[in-house]
Amino acid sequence: MKKNLSFYILSALVCLLLITALAAPILAPNDPNETNLLAAQQGFSREFPLGTDGLGRCMLSRMLYGARVSIFTSLLITLIVFTIGTTVGILCGYFGGAVDTVLNELITIMQAFPQIILAIAIAGLLGIGIKNLIIALCLVQWVDYARLARSFTYSMRNRTFLKAARICGESHLSIIFRRVFPNVMPPLIINASLGIASMIMQIAALSYLGIGVAEPTAEWGAMINLGRNYMQTDIKMIMIPGTAIFITSALFNLFGEKLRDRLK
Numbered sequence: 003m004k005k006n007l008s009f010y011i012l013s014a015l016v017c018l019l020l021i022t023a024l025a026a027p028i029l030a031p032n033d034p035n036e037t038n039l040l041a042a043q044q045g046f047s048r049e050f051p052l053g054t055d056g057l058g059r060c061m062l063s064r065m066l067y068g069a070r071v072s073i074f075t076s077l078l079i080t081l082i083v084f085t086i087g088t089t090v091g092i093l094c095g096y097f098g099g100a101v102d103t104v105l106n107e108l109i110t111i112m113q114a115f116p117q118i119i120l121a122i123a124i125a126g127l128l129g130i131g132i133k134n135l136i137i138a139l140c141l142v143q144w145v146d147y148a149r150l151a152r153s154f155t156y157s158m159r160n161r162t163f164l165k166a167a168r169i170c171g172e173s174h175l176s177i178i179f180r181r182v183f184p185n186v187m188p189p190l191i192i193n194a195s196l197g198i199a200s201m202i203m204q205i206a207a208l209s210y211l212g213i214g215v216a217e218p219t220a221e222w223g224a225m226i227n228l229g230r231n232y233m234q235t236d237i238k239m240i241m242i243p244g245t246a247i248f249i250t251s252a253l254f255n256l257f258g259e260k261l262r263d264r265l266k
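In my numbering, the protein residues as written are 3 to 266.
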């Protein structure tokens, strides 16, 4: 009962976070991109509840709009890499052969390098922008899901229930969708839920390095990048987006752990 309660509480908090991000245009008290150098680096006030940044932009408004970029971009990337990686991994693990061998070698090569370094290199080649950021992270992250899906599928290839399905004349497509998918999906879903927090931090890291979202788009990592220039005079410009990244990542991690417990 206690486990169920904590899962429901975390689910509600995640939903609240998503709703808040979606409602940013309604909740934001000011235009997130409106600059006013006369109001730069102001403290907390009624007009600017979280103060302003070095360009006089409302921190609260940029926080809310940044949540949309950081959270929903991470969810989109996770969905894309989950779909591509799982599909490729299951097909290679089920059929085997030369394609499976090539995939194995590709995964081994890509995992020999830190993923964030590869993502930085690809994003640097493609240029600054949210679309290029998504492409760079998708090209790097799909191999994790492909490796897991292939491993789970490969271990099932000679299981009795799959052999029986083949003997009964089921097509390969039917076996994959009716027998393989339901068995490999739970651990992959758990991995995806736990990977959302990592994705949020990678998006923030690329934006902090200046190769993620382009100005004046509000994004938490880009806000920290701007705030580092004012670290000694206005620490809130780093603390506010940093706290948002920490709380959001922790929330998704806790939710992923509770989901893992329920799906065991």
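Quick reminder that beta carbons are idealized off the backbone N, C-alpha and C, glycines included.
Partner residues in the beta bridge of T54, as assigned by DSSP, are C60. Boundaries of the alpha helix (DSSP H) around G197: F183 to Y210.
With fewer than three CB-CB distances shorter than 8 Å, the region 222-241 does not count as touching the region 8-16. Take I198, set aside five residues on each side of it, and the residues of its chain with a beta-carbon closer than 6 Å to its own are S76, T80 and F254, in chain order. C-alpha of I124 to C-alpha of A216: approximately 16 Å in a straight line. Collapsing the DSSP output to three states places Q44 in coil. Residues I247 and S251 of the same chain have their beta carbon placed closer than 7 Å to that of M203, with the five preceding and five following residues left out of the count. Under the criterion of beta carbons closer than 8 Å, V145 and G87 qualify as touching, at roughly 7 Å. The straight-line gap separating the alpha-carbon atoms of P243 and I122 is approximately 21 Å. C-alpha of I73 to C-alpha of M201: approximately 9 Å in a straight line. Comparing C-alpha distances from G131 to each of S195, T162, C94 and I213 shows the shortest one belongs to I213.
Per DSSP, Y232 lies in no alpha helix (DSSP H) and is assigned neither H nor E. Rounded to the nearest angstrom, the gap between the Cα atoms of L128 and L135 is 8 Å. Here E221 is buried, its C-beta having at least 16 other C-beta atoms within 10 Å. A Cβ-Cβ separation of about 6 Å places A151 in contact with L190 under the 8 Å criterion.
If you draw a straight line from the Cα of M61 to the Cα of P31, it is about 10 Å long.
DSSP, read as helix, strand or coil, puts F97 in helix. The three-state reading of DSSP puts S153 in helix, counting H, G and I together.
In this structure, I177 lies near A167, with their beta-carbon atoms less than 7 Å apart. Restricted to the region 113-170, the alpha helix (DSSP H) segments that are unbroken, complete and at least 4 residues in length are 117-128, 132-158 and 162-169, listed in chain order.
Take the alpha-carbon of L15 and the one of I28: they are about 19 Å apart. For T250, the enclosing alpha helix (DSSP H) covers residues K238 to L265.
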